[in-house]
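First the structure, in the form of structure tokens, and then the observations on it.
Chains as they are written, first to last, in our numbering: chain A, 1 to 400; chain B, 401 to 656.
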């Protein structure tokens, strides 16, 4: 890695989203330690993203990365769940994978994470042909005001293996401002499958800059299901998924925006080899004075590839703004790419219909908003149930 | 001694539904004019008329939908003036409508709406109703999305029955429907009547009338007015044979 290039990037703004002056925030020293009890800040933040503190396998509070006893429960399957720093020290694979998919010189957030992040975050390894029987739950929380949190997550799902990863990022009540920068590099090997469910619950003064890249090898499958529902100062993220031969991706984002938040959230798929396919789905429910940029991009480099973008938005307030920005690029004949985007209000005739069945206007809106956010994501039923509970909260939030 | 409230007493002696000189407008245009009608519990009233005569508008006005506005007269339900009540309040009182064209609602499963309604109205035999109307198979489908004509009508009637209504209004349940569905719909209407539900059945073609064992009255609605009311034996054969315009002439000349 060319350090001077990364240092130069420390002042490089991101292509999208409001520019944040990171020097205004304090950075704690990164530490890795055994979790004796669940951190009280994390314990109160976790339920906001549907997580039970007792089930967490990796916990991070600000820059403190905590091992948990739960992670050890998976070691009998050969599965490693450890703080990234630990992984980098002990596992050559982790070292080999780190900063390969995300370039530290991309912008000031990646550069800061690389230079000052202290390599906290989680490292997960799933051995070949291992189907991890329970979801891997992780939670990252910012528990003090005016703090910047870095996380560098590396996941490697080896050939033919399957794992369901659930990450909640949240703050406990009372935290007003801060910055979260999460670097995620996910590798899905041949015929392996990774489902990644991420739920965000922040607050009005938080800036969030996830930087995610995923590589899916031949026949592999990656499912991402992202939900964010709380107010936030700004979120800007544009994960990229690289798909090899016959690899599949399903990338879904549910965005319930509010207050004055700026939500710039995208999903990009690169179809690199024949047979690769992707579906990039987003649902936006915007209220108050929030602005949402729902970006989606599919680039087909090879023929015999398939991709579809579906961006649907609902405006719940006269002052909210939703921009849907789909891009499809085909570089070879024989790639089938399509996009569908629509932004509207809740249909009055649907409200009227439900009201005639005895639903009050607010109840009818809630049913319709909840339905609008229903997508048939290919995630396991147990996680779907959890996400459904979160979406019920999102609905109350959107209507109220 | 049992003590009744005034409302209960009124409900017992007043008609189930009374329309008194009702006028209904759509964007300033009068679609229904000075219409009066009384429906008692357990009665089946059939309203027939050509396209555009105001049949659906009338039912929408009784249900309290937002589109038509009441521009004259009153609606009483069990003696209570409901002219200005919103539709969901009317639904709670026991008024129900099976829509002619229910909207397709993506993402909302029939099961979700049905369960919410069971929670609202309580329903002891909803599984039976679902079986009777053959709607179990649609429970996990998005509401009305990709449903055939008959499937939509059966589902609408199922939802209506979940309300356990005192007044059931059915808007063209027999249009665009297969024979099997018509049988099922007719049987459900008989069930409603056996529960003492008042029924207003709007039909353009009148097919379903042949399947019902007892109809109390048939009303002809033409250009927003009830121009003739009579028994089914008197009115139906004439309308089936001559159509609305000529049929009306025959009916009125008979009386004259």
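Ideal Cβ placement from N, Cα and C applies to all residues, glycine included.
Residue i (DSSP reduced to helix, strand or coil)
i: residue 477 of chain B; result: strand
i: residue 123 of chain A; result: strand
i: residue 448 of chain B; result: strand
i: residue 513 of chain B; result: helix
i: residue 656 of chain B; result: For residue 656 of chain B, the pLDDT reaches just 49, beneath the cut-off of 50, and the residue's location in the model is therefore unreliable, although a value from the coordinates is still provided. Residue state, collapsed to three classes: coil.
i: residue 523 of chain B; result: coil
i: residue 162 of chain A; result: strand
i: residue 642 of chain B; result: helix
i: residue 329 of chain A; result: strand
i: residue 198 of chain A; result: strand
i: residue 58 of chain A; result: strand
i: residue 373 of chain A; result: helix
i: residue 545 of chain B; result: coil
i: residue 171 of chain A; result: coil
i: residue 500 of chain B; result: coil
i: residue 87 of chain A; result: helix
i: residue 47 of chain A; result: helix
i: residue 215 of chain A; result: strand
i: residue 534 of chain B; result: coil
i: residue 312 of chain A; result: strand
Residue i at chain B interface by Cβ criterion, 8 Å
i: residue 284 of chain A; result: no
i: residue 367 of chain A; result: yes
i: residue 44 of chain A; result: no
i: residue 158 of chain A; result: no
i: residue 123 of chain A; result: no
i: residue 397 of chain A; result: no
i: residue 196 of chain A; result: no
i: residue 374 of chain A; result: yes
i: residue 75 of chain A; result: no
Burial state of residue i, where buried means 16 or more other Cβ atoms lie within 10 Å
i: residue 221 of chain A; result: buried
i: residue 236 of chain A; result: buried
i: residue 3 of chain A; result: exposed
i: residue 111 of chain A; result: buried
i: residue 170 of chain A; result: buried
i: residue 502 of chain B; result: buried
i: residue 461 of chain B; result: buried
i: residue 656 of chain B; result: With a pLDDT of 49 at residue 656 of chain B, under the threshold of 50, the predicted position of this residue should be treated as unreliable, though the coordinate-derived value follows. By the 10 Å Cβ count, residue 656 of chain B comes out exposed.
i: residue 248 of chain A; result: buried
i: residue 580 of chain B; result: exposed
i: residue 1 of chain A; result: exposed
i: residue 226 of chain A; result: buried
i: residue 394 of chain A; result: buried
i: residue 551 of chain B; result: buried
C-alpha gap between residue i and residue j, whole angstroms
i: residue 246 of chain A; j: residue 527 of chain B; result: 44 Å
i: residue 22 of chain A; j: residue 172 of chain A; result: 22 Å
i: residue 146 of chain A; j: residue 61 of chain A; result: 14 Å
i: residue 6 of chain A; j: residue 115 of chain A; result: 8 Å
i: residue 148 of chain A; j: residue 355 of chain A; result: 47 Å
i: residue 595 of chain B; j: residue 368 of chain A; result: 32 Å
i: residue 484 of chain B; j: residue 566 of chain B; result: 19 Å
i: residue 212 of chain A; j: residue 504 of chain B; result: 37 Å
i: residue 175 of chain A; j: residue 45 of chain A; result: 10 Å
i: residue 74 of chain A; j: residue 163 of chain A; result: 11 Å
i: residue 563 of chain B; j: residue 414 of chain B; result: 22 Å
i: residue 523 of chain B; j: residue 489 of chain B; result: 19 Å
i: residue 351 of chain A; j: residue 646 of chain B; result: 41 Å
i: residue 313 of chain A; j: residue 284 of chain A; result: 4 Å
Cβ-based neighbour list, residue i, same chain, cut-off 6 Å, excluding 5 preceding and 5 following
i: residue 649 of chain B; result: none
i: residue 264 of chain A; result: 16, 17, 236, 293
i: residue 588 of chain B; result: 557
i: residue 386 of chain A; result: 50
i: residue 443 of chain B; result: 598, 616
i: residue 193 of chain A; result: 162, 221
Min CB distance residue i to chain A below 8 Å
i: residue 461 of chain B; result: no
i: residue 517 of chain B; result: yes
i: residue 487 of chain B; result: yes
i: residue 474 of chain B; result: no
i: residue 500 of chain B; result: no
Cβ-heavy atom distance, residue i to the ligand COA, below 7 Å
i: residue 522 of chain B; result: In terms of ligand content, the structure shown is empty, and the ligand COA therefore cannot be addressed.
8 Å Cβ shell around residue i - same chain, five flanking residues per side excluded
i: residue 619 of chain B; result: 437, 445, 446, 447, 448, 626, 628, 629
i: residue 498 of chain B; result: 553, 556, 557, 559, 560, 568, 569, 570, 571, 573
i: residue 434 of chain B; result: 421, 422, 423, 472, 473, 625
Other residues of its chain near residue i: CB distance less than 7 Å, five sequence neighbours each side excluded
i: residue 315 of chain A; result: 286, 322, 343, 345
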